[in-house]
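Q: Dropping a structure here in structure tokens format, bear with me for questions.
Protein chains in written order, with my numbering: chain F, 32 to 383; chain H, 32 to 383.
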């Protein structure tokens, strides 16, 4: 366990603006500012932004960067920390976050839970229970302060690991591109998603800002840590510029997602509904588009991810004009080839 | 170095048809037959197929499978082997291939080269020189016998490694999906591309057919071997069904490639030419399509792969209506924003 000496907050000076930074650090700030504007172009002035703060290097750098950019970006800041109670030093982590926020003049919200007990109760893994408890706490604080978004410290190394995990688990395109930088449903914002972790560390070091290390990041019983510690270094060995290629892949996936979303909207204009895809729409579509329309139609009916093999068999049945053919999807959902198109049923619409 | 005992060809019996196989082996044959028809639907009857034979398990299984399926698929078979002269046992490999082809009643063509000398002369790597020499030999035999296609033994484990290598090197989508099963330009056919290597081995074992091991496959100074030996096992550890997900990803990439190809043909109908993309076409296109049209336009002008970052900057210049803005691509190619679209120049058309 690597611990950090008691930070000497008396001697930490927070720069008041970008002009007080080195050219390198100022460029980093400007890149984060540009990316944040790009992914969140319509944020209102003085939008309250809640920073999800663990005290690790990523979220510490996030807090510092947002402090430096808040005025330029028009954010009002707050921070929230959840003590998971999993490690003896977690109380010190909480105190570190509080001290950091005092130093940065950011209102600080904290709570403590017993994640081990929560995992036992919910009969789930520690990592999963921790994530749920954390995001529930962020949502609670968000509501209290009327936050516009919750900003997390996910950075480019996290994105690279996320892409590899999605690949390992059998994700398709564009999902393979990795987590979004802005998730409007959960109001999650990831301003550092295209910034390498090494740059965040260098930034903190240059400014003399301390951070906390989480020893559980080295534990290999979490898939994410195995991917981060075992697989990602092998890709970096093959290609030292691998992180940049991850950022490019992410951008391409975002563009393709937009392309497919636009085509789906066109299909809706042309008469498709969540429960029905008419032949008029399907006949005009490429196979690539048809499969994505099926996927959307199944997903719109409720939880349960359709398997790509089943979607393919559905398309083969449709191409063969196998009227009456029915395919089953997880979550009790079905699709049926009809004389005029494909009808999708959820559990509740089985007789529809 | 793992060597194999002298094969006892006298006691090897080649089944005369699928009915002599176990149900499992017959199903494997039928799956390979279905896939070959799918990827090569328009092969003429009695098309001469040249099998690229190394004597390793993959190409040995390929020769056997093609022997069993030749009549059903309408192929006339021949095989070619190139002795690379890199390993002391390579003469035995050549003799093994000859014996195998005699046993399978497949006409056999062989030659020997000194790949080490070729690599020195061309100032290139051993692996690269070997590949060039091999494919040159296959092309030569193809021409002599009027082959319709050259079939190689690439299987699903090779495809999985190819996808990981493309990812590591920064390939985009759909290139990330991996090598094609049918390359009409090079007339390369890969009938085993979605068959796991383990199934090919089991097939050979069931039928009592020997094969040769290539010790150089264990050498980690080749990127491909490092990916195959170090990275792929980690993905299989995370997901034991990983090879099937690779096959699904490959299918999705093939579909998406078709989608983008169709859109590019539409763009050509609407007035785009290899050297010019008019605003009428670009304004109707999504960003995802525009980037792919730029890529095609640059590639059509000759060798040199455009970087995706440059393509993105070109699109930003076009969106900003930055008339006169010029971007450079590898191979001396350029693109220029004009008042009515984007003009692409090769080295020879610089003044065009």
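Glycine included, C-beta positions come from ideal geometry on N, C-alpha and C.
Are the C-beta of residue 197(F) and some C-beta of chain H separated by less than 8 Å?
A: Closer than 8 Å: no.
Q: So, is residue 94(H) buried or exposed, given that buried needs 16 or more other C-beta atoms within 10 angstroms?
A: Answer is buried; the Cβ neighbour count reaches 16.
Q: Give the straight-line distance between the Cα atoms of residue 112(H) and residue 133(H), rounded to the nearest whole angstrom.
A: Roughly 13 Å between the two C-alpha positions.
Q: Taking the alpha carbon of residue 208(H) as the point to measure from, which residue in 346(H), 336(H), 274(H), 148(H) has its own alpha carbon closest?
A: The candidate whose alpha carbon is nearest that of residue 208(H) is 274(H).
Q: Please give the ranges of any alpha helix (DSSP H) in the stretch 211 to 256 of chain F, keeping only runs that are unbroken, at least 4 residues long and fully inside the region.
A: Entirely contained in the stretch 211 to 256 of chain F, the alpha helix (DSSP H) runs reaching 4 residues are, in chain order, 228 to 238.
Q: To the nearest angstrom, how far is it from the Cα of residue 148(H) to the Cα of residue 162(H)?
A: Near 14 Å, if we compare the C-alpha coordinates of residue 162(H) and residue 148(H).
Q: At a cut of 8 Å, does the stretch 232 to 239 of chain H reach the stretch 172 to 186 of chain F through at least three beta carbon pairs?
A: Verdict: no, contact absent.
Q: Is it a yes or a no for the stretch 82 to 100 of chain F touching the stretch 180 to 193 of chain F, going by three-plus beta-carbon pairs under 8 Å?
A: Short answer: they touch.
Q: For residue 297(F), which of 280(F), 277(F), 283(F), 321(F) has the nearest alpha-carbon?
A: Considering only alpha carbons, the answer is 321(F).
Q: What whole-angstrom Cβ distance do residue 114(H) and residue 85(H) have, given they're in contact under 8 Å?
A: Contact doesn't hold; Cβ gap of about 10 Å is too wide.
Q: Mind checking whether residue 291(H) and residue 70(H) have CB atoms under 8 Å apart?
A: Cβ distance not < 8 Å, so residue 291(H) and residue 70(H) don't count as in contact.
Q: Pick out the complete beta strand (DSSP E) segments inside the stretch 112 to 166 of chain F, 3 residues or longer, and give them in chain order.
A: Listed in chain order, they are 139 to 143.
Q: Does residue 283(F) pass the burial test, meaning 16 or more other C-beta atoms within 10 Å, or should it be called exposed?
A: Label assigned to residue 283(F): buried.
Q: With a threshold of 8 Å between beta carbons, is residue 188(H) in contact with chain F?
A: So no, residue 188(H) is outside the interface.
Q: With a threshold of 6 Å on Cβ separation, who are the neighbours of residue 363(F) within its own chain once the five nearest residues in sequence on each side are excluded?
A: Hits under 6 Å: 378.
Q: Mind checking whether residue 206(F) and residue 263(F) have CB atoms under 8 Å apart?
A: Contact: no.
Q: For residue 80(H) and residue 178(H), which I take to be in contact (beta-carbon distance under 8 Å), what is that distance rounded to the nearest angstrom?
A: About 7 Å; that satisfies the 8 Å criterion.
Q: So who's on the other strand from residue 326(F), going by DSSP bridges?
A: None, per the DSSP bridge assignment.
Q: Express the C-alpha separation of residue 200(F) and residue 340(F) in angstroms, rounding to a whole number.
A: Approximately 15 Å between the Cα atoms of the pair.
Q: Whose C-beta lies closer than 8 Å to the C-beta of residue 164(F) among residues of the same chain, with five residues either side of it excluded?
A: Closer than 8 Å at the Cβ level, and outside the excluded window around residue 164(F), lie 113, 115, 144, 146, 149.
Q: For residue 58(F) and residue 222(F), I'd like the C-alpha separation in whole angstroms.
A: Taking the straight line joining both Cα atoms gives about 15 Å.
Q: Let's test the definition: count the other Cβ atoms within 10 Å of the Cβ of residue 359(H) and tell me whether it reaches 16, buried, or not, exposed.
A: Exposed: under 16 other Cβ atoms inside 10 Å.
Q: How would you list, in chain order, the residues of chain F whose beta-carbon sits under 7 Å from the beta-carbon of residue 261(H)?
A: Those are 265, listed as they occur along chain F.
Q: Among the residues of its own chain, which have a CB less than 8 Å from the CB of residue 128(H), if the five just before and after it don't count?
A: Result list for residue 128(H): 84, 85, 86, 110, 112, 139, 141, in chain order.
Q: Any beta carbon of chain F sitting closer than 8 Å to that of residue 270(H)?
A: Chain F, which has a Cβ nearer than 8 Å to the Cβ of residue 270(H), makes this yes.
Q: In the DSSP assignment, what are the bridge partners of residue 307(H)?
A: In DSSP, residue 307(H) forms a bridge with 304(H), 374(H).
Q: Between which residues of its own chain and residue 336(H) is the CB-CB distance below 7 Å, once the five residues before and five after are set aside?
A: For residue 336(H), where only same-chain residues beyond five positions count, the Cβ hits under 7 Å are 361.
Q: Is any beta-carbon of chain F found at less than 8 Å from that of residue 254(H)?
A: With 8 Å as the cut-off, residue 254(H) counts as an interface residue toward chain F.
Q: Contact criterion: CB-CB distance below 8 Å. Does residue 37(F) meet it with respect to chain H?
A: Closer than 8 Å: no.
Q: Return the CA-CA distance between residue 279(F) and residue 224(F), expressed in angstroms with no decimal places.
A: The straight-line gap from Cα to Cα measures roughly 12 Å.
Q: Taking DSSP's pairing of strands, which residues face residue 367(F) in a bridge?
A: The partner list for residue 367(F) (beta bridge, DSSP) reads 357(F), 374(F).
Q: Give the secondary structure of residue 82(H) by DSSP, where H, G and I count as helix, E and B as strand, and everything else as coil.
A: Note: residue 82(H) maps to strand in three-state DSSP.
Q: Cβ of residue 367(F) less than 8 Å from any chain H Cβ?
A: Chain H, which has no Cβ nearer than 8 Å to the Cβ of residue 367(F), makes this no.
Q: Is residue 308(H) close to chain F? Criterion is C-beta to C-beta, closer than 8 Å.
A: Not an interface residue.
Q: Along the beta strand (DSSP E) that carries residue 348(F), what are the first and last residues, could you check?
A: Premise fails: residue 348(F) lies in the alpha helix (DSSP H), 339 to 350, not in any beta strand (DSSP E).
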